[in-house]
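J.: Handing you this structure, nothing more for now.
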Amino acid sequence: MNRLLAPLLLFASIAIGADVPRVYIASTETVDASNARDKAKHVDFGAAITGALVKKQVPVTVVTDQSKSTWTIKCVSSQREDSTGTKIAKLAFGGGGGFTKFEGTIQVIDNATSGVLYAYNVKKGNFQSAAEAFAKHFKGDYLTKQK
13 MNRLLAPLLL FASIAIGADV PRVYIASTET VDASNARDKA KHVDFGAAIT GALVKKQVPV
73 TVVTDQSKST WTIKCVSSQR EDSTGTKIAK LAFGGGGGFT KFEGTIQVID NATSGVLYAY
133 NVKKGNFQSA AEAFAKHFKG DYLTKQK
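Counting in this note's numbering, the sequence shown runs from 13 upward without gaps.
Here is the structure:
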């Protein structure tokens, strides 16, 4: 019985995977908008979007070969960290709220028509929160309503 069930489950998972769109995430560099040099270069927003799509269980398959994708996700992002003086002033006057600001603009593009299927702007305290916000809204605002 188990020998028959394993191939059936494998076939079912392949068939289910074939129904979901394949997306390629174009890599981009996050721009450092603060006075500090090269801090934002270590932020890989594309990798954060990939992780967020998996974490939020968005029904897409992320592929590494753009020629095999249905859609392409492109993003532009910037990160700004407050200066030391601004941090001290925020702490002294009770205006916490974080010292880093991350902004991103994300587009989901149909490869066949080059049309923009979904666009999202986000402002958060860090790139991971921004990526997860995109994944959540892409799943809820676009993919769920397409069914």
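We put the CB at the ideal spot given by N, CA and C, even for glycine.
1. What does the alpha-carbon distance come out to for the pair residue 39 and residue 56?
2. Would you please state the rounded distance, in angstroms, between the beta carbons of residue 87 and residue 116? I believe it to be under 8 Å.
3. Is residue 143 close to the ligand ATP? I mean its beta-carbon at under 7 Å from any heavy atom of the ligand.
4. If I follow the unbroken alpha helix (DSSP H) through residue 84, where does it start and stop?
5. Just verifying my parser: in three-state terms, what is the DSSP assignment at residue 38?
6. Does the Cβ of residue 69 have 16 or more other Cβ atoms within 10 Å, making it buried, or fewer, making it exposed?
7. Under the three-state reduction of DSSP, which class applies to residue 140: helix, strand or coil?
8. How big is the Cα-Cα spacing for residue 61 and residue 141?
9. Between the beta-carbon of residue 132 and the beta-carbon of residue 146, is there less than 8 Å?
10. Alpha carbons only, please: which of 136, 35, 63 and 91 is nearest the one belonging to residue 75?
11. Just the Cα atoms here: how many angstroms apart are residue 155 and residue 130?
12. Going by DSSP in three states, residue 62 sits in which element: helix, strand or coil?
13. Between the Cα of residue 136 and those of 91, 151 and 119, spot the shortest distance and give me the residue it belongs to.
14. Given residue 121, which residues of its chain have a CB within under 8 Å of its CB, disregarding the five upstream and five downstream residues?
15. In the DSSP assignment, find the unbroken beta strand (DSSP E) run with residue 73 in it and report its ends.
T.: This is what the structure holds:
1. 8 Å
2. Yes, residue 87 and residue 116 are in contact; Cβ-Cβ is about 6 Å, under 8 Å.
3. No copy of the ligand ATP appears in this structure; indeed no ligand is present at all.
4. No alpha helix (DSSP H) contains residue 84, which is instead part of the beta strand (DSSP E) from 83-93.
5. coil
6. exposed
7. The answer is helix: DSSP assigns residue 140 an H, G or I state.
8. 10 Å
9. yes
10. 35
11. The straight-line gap from Cα to Cα measures roughly 10 Å.
12. helix
13. 91
14. Excluding residues within five positions, the ones whose Cβ falls inside 8 Å are 83, 84, 85, 86, 127, 128 and 129.
15. 73-75
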